[in-house]
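The listed protein sequences correspond, in order, to chains A, B and C.
Each residue of the first sequence is one higher than the one before, starting from 2 at the first, in the working numbering.
Each residue of the second sequence is one higher than the one before, starting from 22 at the first, in the working numbering.
Each residue of the third sequence is one higher than the one before, starting from 7 at the first, in the working numbering.
For reference, the structure discussed in these notes is given below.
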Amino acid sequence: MTAIPLDQGLGLAAALFALGLAGVLVRRNLLFMLMSLEVMLNAAGVAFVVAGARWAAADGQIMFILVLTFAASEVSVGLALILLMHRRNSTLDADASYHLRG
Amino acid sequence: MNAMFAIAAGIAVLATVMMITRPSAVHALLYLTVSLLAVAMVFFVLGAPFAAALEVIIYAGAIMVLFVFVVMMLNIGGEAEALENDWLKPAAWIGPSVLALLLGLELGTLAARGGLARSAATVIGPQAVGIALTGPYMLAVEIASFLLLAAVVAAFHLGRAVMRGV
Amino acid sequence: MHELLWLVPTLPLLGSVILMLGAGRLSTRAEAAAGALSVGFAAVIAFTIAGGFLLNPPAGAAYEQTLWRWFDVGGLSVTIGLRLDPLSLVMMLVITGVGFLIHLFATEFMEGEEGYGRFFAYLNLFVAAMLLLVLGDNFLTLYTGWEGVGLCSYLLIGFWWRDPANGLAARKAFIVTRIGDTALLIGLLLIASRLGTLNIAGAMHNAAQSWPAGSPLATLAAFLLLGGAVGKSAQLPLQTWLPDAMAGPTPVSALIHAATMVTAGVYLIARTHALFLLAPAAQYTVGGIGAATLLLAGFSALAQNDIKRILAYSTMSQIGYMFLALGVGAWGAAMFHLLTHAFFKALLFLSAGAVTMRLHHEQDIYKMGGLARRLPVAFWSFLIGSAALAALPLVTAGFYSKEAILSGAWADGSSGRVLWAAGVFGAFITGLYIFRAVFIAFFGEAHTEVSGRYGWRVILPLSVLSVLSVLGGLIELPPALGHVTLLSNLLAPVLPASKEAASVAPLLVASLAGLLGIGLAAVLYWRPARPPAETPLWRFWHAAAGFDWLYDRLLVRPVLWAAREGADDVIDSVYDAIAWTARTLHEHVRRTQNGRVRFYTAGLAIGSISLIAIAMIR
Numbered sequence: 002m003t004a005i006p007l008d009q010g011l012g013l014a015a016a017l018f019a020l021g022l023a024g025v026l027v028r029r030n031l032l033f034m035l036m037s038l039e040v041m042l043n044a045a046g047v048a049f050v051v052a053g054a055r056w057a058a059a060d061g062q063i064m065f066i067l068v069l070t071f072a073a074s075e076v077s078v079g080l081a082l083i084l085l086m087h088r089r090n091s092t093l094d095a096d097a098s099y100h101l102r103g
Numbered sequence: 022m023n024a025m026f027a028i029a030a031g032i033a034v035l036a037t038v039m040m041i042t043r044p045s046a047v048h049a050l051l052y053l054t055v056s057l058l059a060v061a062m063v064f065f066v067l068g069a070p071f072a073a074a075l076e077v078i079i080y081a082g083a084i085m086v087l088f089v090f091v092v093m094m095l096n097i098g099g100e101a102e103a104l105e106n107d108w109l110k111p112a113a114w115i116g117p118s119v120l121a122l123l124l125g126l127e128l129g130t131l132a133a134r135g136g137l138a139r140s141a142a143t144v145i146g147p148q149a150v151g152i153a154l155t156g157p158y159m160l161a162v163e164i165a166s167f168l169l170l171a172a173v174v175a176a177f178h179l180g181r182a183v184m185r186g187v
Numbered sequence: 007m008h009e010l011l012w013l014v015p016t017l018p019l020l021g022s023v024i025l026m027l028g029a030g031r032l033s034t035r036a037e038a039a040a041g042a043l044s045v046g047f048a049a050v051i052a053f054t055i056a057g058g059f060l061l062n063p064p065a066g067a068a069y070e071q072t073l074w075r076w077f078d079v080g081g082l083s084v085t086i087g088l089r090l091d092p093l094s095l096v097m098m099l100v101i102t103g104v105g106f107l108i109h110l111f112a113t114e115f116m117e118g119e120e121g122y123g124r125f126f127a128y129l130n131l132f133v134a135a136m137l138l139l140v141l142g143d144n145f146l147t148l149y150t151g152w153e154g155v156g157l158c159s160y161l162l163i164g165f166w167w168r169d170p171a172n173g174l175a176a177r178k179a180f181i182v183t184r185i186g187d188t189a190l191l192i193g194l195l196l197i198a199s200r201l202g203t204l205n206i207a208g209a210m211h212n213a214a215q216s217w218p219a220g221s222p223l224a225t226l227a228a229f230l231l232l233g234g235a236v237g238k239s240a241q242l243p244l245q246t247w248l249p250d251a252m253a254g255p256t257p258v259s260a261l262i263h264a265a266t267m268v269t270a271g272v273y274l275i276a277r278t279h280a281l282f283l284l285a286p287a288a289q290y291t292v293g294g295i296g297a298a299t300l301l302l303a304g305f306s307a308l309a310q311n312d313i314k315r316i317l318a319y320s321t322m323s324q325i326g327y328m329f330l331a332l333g334v335g336a337w338g339a340a341m342f343h344l345l346t347h348a349f350f351k352a353l354l355f356l357s358a359g360a361v362t363m364r365l366h367h368e369q370d371i372y373k374m375g376g377l378a379r380r381l382p383v384a385f386w387s388f389l390i391g392s393a394a395l396a397a398l399p400l401v402t403a404g405f406y407s408k409e410a411i412l413s414g415a416w417a418d419g420s421s422g423r424v425l426w427a428a429g430v431f432g433a434f435i436t437g438l439y440i441f442r443a444v445f446i447a448f449f450g451e452a453h454t455e456v457s458g459r460y461g462w463r464v465i466l467p468l469s470v471l472s473v474l475s476v477l478g479g480l481i482e483l484p485p486a487l488g489h490v491t492l493l494s495n496l497l498a499p500v501l502p503a504s505k506e507a508a509s510v511a512p513l514l515v516a517s518l519a520g521l522l523g524i525g526l527a528a529v530l531y532w533r534p535a536r537p538p539a540e541t542p543l544w545r546f547w548h549a550a551a552g553f554d555w556l557y558d559r560l561l562v563r564p565v566l567w568a569a570r571e572g573a574d575d576v577i578d579s580v581y582d583a584i585a586w587t588a589r590t591l592h593e594h595v596r597r598t599q600n601g602r603v604r605f606y607t608a609g610l611a612i613g614s615i616s617l618i619a620i621a622m623i624r
């Protein structure tokens with residue numbers, strides 16, 4: 002195994018996170034927003050693993066596993082909601098539903 | 022700089038860029054899978070083979086399969102793609118790009134501060150992870166199991182609503 | 007057996023809880039069983055305990071059971087405990103025994119009514135609260151039961167809530183008794199702060215130690231307790247709620263008037279008699295209030311046409327007798343009259359209920375008529391009850407207890423003679439008004455048709471109460487007539503012996519007064535014809551001397567006026583300004599809550615960027 006500089010690993014995480022954020026902000030389709038959210042979560046996972054590698058500790062990977070669990074739960078519930086919304090509104094436009102308007 | 026790491030990271034970033042710009046859901050999913058696999062490669066290079074395996078199995082495997090199922094069920098066709106193209110006009114990119122760029126710059130700057138440190142060139146295998154997971158992180162595992170259970174219940178409930186056609 | 011004392015208030019409470027939790031899920035049979043049997047079992051236990059108590063009296067003539075410590079603060083330690091002494095024993099037997107008979111009657115009376123289970127839940131709670139009141143060994147437990155009784159009376163008077171008038175009557179009962187309750191609470195706080203304990207026996211002991219007779223504090227405390235008693239027992243000047251309380255179902259009236267609630271005031275004064283002995287002024291007031299109330303209520307009863315209102319005023323009047331007895335120090339006589347009154351007043355209310363049951367809830371005596379032949383069961387019960395109320399000599403329980411009161415008054419010096427005269431005149435009025443009701447309702451021509459038959463659950467309570475109304479007085483006979491002193495022997499450890507008139511003359515006079523009233527009623531109403539003309543005098547007494555009118559002008563209207571006038575003042579505008587500010591801010595801020603997920607995400611992103619930027623710059 003070769004050593005990877007910490008800044009490069011974290012830089013990758015930052016880039017992925019920023020791209021995911023751009024995706025969430027720019028897409029109006031809820032399905033794409035969910036995918037972009039996955040990218041953001043994955044970026045957080047990358048940051049954990051990089052940090053774990055830096056200190057040669059297992060904790061980074063464990064945090065990654067927890068992030069993974071969270072992502073799995075989030076996707077299953079999120080996709081179910083998307084299906085429900087598509088059933089009700091026949092659209093996945095995030096801007097189309099604003100029933101929570103104050 | 023490690024070549025393997027550079028290539029994998031490059032692929033990951035590129036694939037993600039492609040993913041957020043595709044109008045077709047299936048294309049976007051494929052790019053996302055590529056991005057995840059590239060990240061798995063990064064993990065492997067970093068000496069985290071267990072995380073890499075999980076990334077492939079769960080992220081690129083299970084979660085993406087869920088997405089594929091939903092895309093199939095929604096039966097999104099060319100009409101939806103035209104709509105996506107309509108939504109993804111260049112003007113719509115300005116605000117999000119500025120925000121993402123700012124955030125990326127900030128995070129990048131912060132990352133660069135730790136520049137001199139390098140990752141320890143050791144492999145932390147599944148055994149070490151497993152021991153830590155069932156040792157000091159037992160509570161976290163339990164909490165994660167609760168989270169998954171809650172997700173199952175919620176997905177089941179919402180799924181029934183979908184089936185009843187409410 | 008003494009160990010089971012805690013079950014006596016607990017069983018009715020349990021019944022109430024079962025009925026409340028099972029509301030809508032229990033069958034009518036189950037509800038009736040839960041309602042009546044919980045009190046029935048309590049009665050069985052109470053009588054068993056009483057048997058043990060009488061055969062084998064505990065040391066100090068009192069049995070105490072401390073259940074748990076309530077709180078202990080600032081040197082004032084309050085336990086939840088029960089104390090069974092002869093006084094609370096008598097009360098407990100009356101409440102559970104008569105209460106059970108009323109419950110049994112109610113299971114048939116309320117059949118087919120909406121809210122059958124709810125009714126018994128309230129009724130059981132009522133009995134439980136009253137038992138707690140009489141069995142509590144400290145003032146706070148007593149007060150808890152006191153308030154519980156007030157709550158239940160509110161719930162039961164407004165039981166038929168669909169008619170707003172019933173709700174108003176319930177509210178009136180609650181608010182008027184609340185005035186007395188407040189006085190009582192202040193009195194209890196005074197006792198707690200000055201005597202350092204809320205234990206009744208302890209407080210009475212300390213009072214006798216630290217307060218000389220006639221001291222201002224003792225007088226003040228006695229007057230405050232009297233205020234509470236006056237409110238609960240519907241005596242002047244807080245008597246106005248009682249006639250309106252007739253809005254509740256008849257078994258409720260029976261329970262309020264016979265076994266529970268109104269007797270609470272008498273019990274309170276008897277229980278704290280040591281304090282009243284230290285405050286002669288308060289004790290004279292008790293007697294005066296009793297005499298005034300018994301006359302006022304007697305006259306008012308003469309001017310009523312509603313059979314339940316007649317009985318309501320008669321209750322006020324009879325409680326007046328008990329207050330009179332307390333005022334002259336005839337403590338035992340007051341308890342004796344409380345006992346017999348519980349029998350015959352329950353009998354009167356239940357037989358009146360039995361009559362209205364068969365007459366489609368017609369309560370106007372002028373619309374009854376000729377019921378003696380058609381409703382013999384109700385007639386004989388009502389007649390026996392009336393005879394006992396009118397103190398028909400020798401053969402009724404009411405005679406002996408009333409004689410005990412009047413004889414105590416006669417023996418109490420010159421002021422007692424005045425009270426005695428009032429009592430004798432009251433006896434005359436009593437005979438007149440109750441037999442007016444008997445003759446008009448049960449004799450003459452029939453005006454309403456009768457339907458249906460009585461079941462055993464009506465006949466049994468009426469029979470038992472009839473027997474008790476006749477024979478219940480034999481436990482205590484005046485010296486001239488055999489001199490039996492079972493009750494006063496029993497009460498001797500807790501209540502000081504009362505003076506008795508030595509001569510037979512006052513006894514004869516009082517007996518004659520009652521007979522005279524009955525005779526006059528027979529002359530005037532044997533052939534009843536029309537309802538009385540509405541002369542001003544009749545209207546005056548029909549409205550019970552206009553106290554409602556007076557309070558309305560004196561208190562209700564000024565308060566309402568002040569409330570109306572004070573609705574928009576300077577202080578109000580401050581709160582309005584606060585509301586206005588909140589609303590205006592809300593109008594502006596709510597625009598950010600547009601429900602668009604991407605807008606929120608952008609907000610999150612901007613916030614994170616700014617925060618990280620701040621963290622980096624620092």
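The C-beta atom is built at its ideal place from N, Cα and C for all residues, glycine as well.
For clarity, every value in this text was computed on a predicted model and none was experimentally measured.
- Shown here, C/Thr-598 sits in a helix according to DSSP, grouped into three states.
- A distance below 8 Å between beta-carbons, with the five flanking residues on each side excluded, links C/Arg-380 to the following residues of its chain, in chain order: Ala-452 and Val-456.
- With fewer than 16 other beta carbons inside 10 angstroms of its own, C/Ala-573 counts as exposed.
- Ranked by Cα distance from B/Leu-122, the first of A/Leu-85, A/Ala-15 and A/Phe-71 is A/Ala-15.
- For A/His-100, the residues of chain C that pass the 7 Å Cβ criterion are Gly-601, in the order they occur in the chain.
- Sorting B/Leu-58, B/Ile-164, B/Ala-49 and B/Val-55 by C-alpha distance to the C-alpha of A/Leu-35 places B/Ala-49 at the top.
- Between C/Val-424 and C/Tyr-273, the CB-CB gap reaches or exceeds 9 Å.
- For a Cβ distance threshold of 9 Å, nothing in chain C lies close to A/Val-78: the least Cβ distance comes to about 15 Å.
- The C-beta distance from C/Val-236 to C/Leu-244 rounds to 5 Å, short enough to fall under 8 Å.
- Within the stretch 33-111 of chain C, the complete beta strand (DSSP E) segments of 3 residues or longer fall at 69-79 and 82-90, listed in chain order.
- When secondary structure is reduced to three states using DSSP, B/Asp-107 falls in the helix class.
- For the options C/Gly-220, C/Glu-153 and C/His-211, the alpha carbon positioned closest to that of C/Thr-188 is the one of C/Glu-153.
- Spatial neighbours of C/Arg-442 in its own chain (CB-CB distance under 6 Å, excluding positions within 5 residues in sequence) are listed in chain order as Ala-527 and Tyr-531.
- Contact between the stretch 19-30 of chain C and the stretch 160-169 of chain B is absent, with fewer than three C-beta pairs closer than 8 Å.
- For B/Ile-28, not one C-beta of chain A is nearer than 9 Å to its own C-beta.
- Only exposed fits C/Pro-499, as fewer than 16 other CB atoms lie within 10 angstroms of its CB.
- DSSP places A/Gln-9 inside the alpha helix (DSSP H), whose first and last residues are 7-27.
- The continuous alpha helix (DSSP H) containing C/Lys-408 extends over residues 403-416.
- Cα atoms of C/Ile-275 and C/Leu-231: separation of roughly 8 Å, rounded to the nearest angstrom.
- Rounded to whole angstroms, B/Ala-46 and B/Tyr-80 show a C-alpha spacing of 17 Å.
- Note that the stretch 339-356 of chain C touches the stretch 396-413 of chain C; at least 3 beta-carbon pairs, one per stretch, sit closer than 8 Å.
- Runs of alpha helix (DSSP H) with 4 or more residues, each lying fully within the stretch 343-392 of chain C, are found at 377-380, listed in chain order.
- Given a length threshold of 4 residues, the stretch 427-473 of chain C has no whole run of the alpha helix (DSSP H) inside it.
- The shortest C-alpha to C-alpha distance from B/Lys-110 to any of B/Leu-51, B/Gly-146, B/Ala-24 and B/Thr-42 is the one to B/Thr-42.
- Fully enclosed alpha helix (DSSP H) runs of no fewer than 4 residues occupy 247-250 and 256-260 of the stretch 236-270 of chain C, in order along the chain.
- Close CB contacts of B/Val-89 within its chain, under the 7 Å cut and outside five residues either way in sequence, are with Leu-50 (chain order).
- For C/Ala-331, the uninterrupted alpha helix (DSSP H) run begins and ends at 313-333, by DSSP.
- In this structure, C/Thr-54 lies away from C/Leu-73, with their beta-carbon atoms at least 9 Å apart.
- Within the DSSP secondary-structure output, C/Glu-482 pairs in a beta bridge with C/Thr-491.
- With a cutoff of 9 Å on beta-carbon distance, C/Phe-448 and C/Gly-375 are scored as near each other.
- In the displayed model, C/Asn-205 falls within a strand according to three-state DSSP.
- Counted as a single uninterrupted DSSP element, the stretch harbouring C/Asp-575 is not any alpha helix (DSSP H), since DSSP gives it neither H nor E.
- In this structure, C/Gly-432 sits away from C/Ala-253, with a CB-CB distance that is not shorter than 9 Å.
- Contact between C/Asn-130 and C/Gly-41 holds, since their C-beta atoms are separated by about 6 Å, short of 8 Å.
- Using beta-carbon distances, A/Arg-89 does not count as an interface residue toward chain C, since no partner is under 9 Å.
- Between C/Gly-404 and C/Ala-397, the C-beta gap is smaller than 9 Å, which places the two residues in contact.
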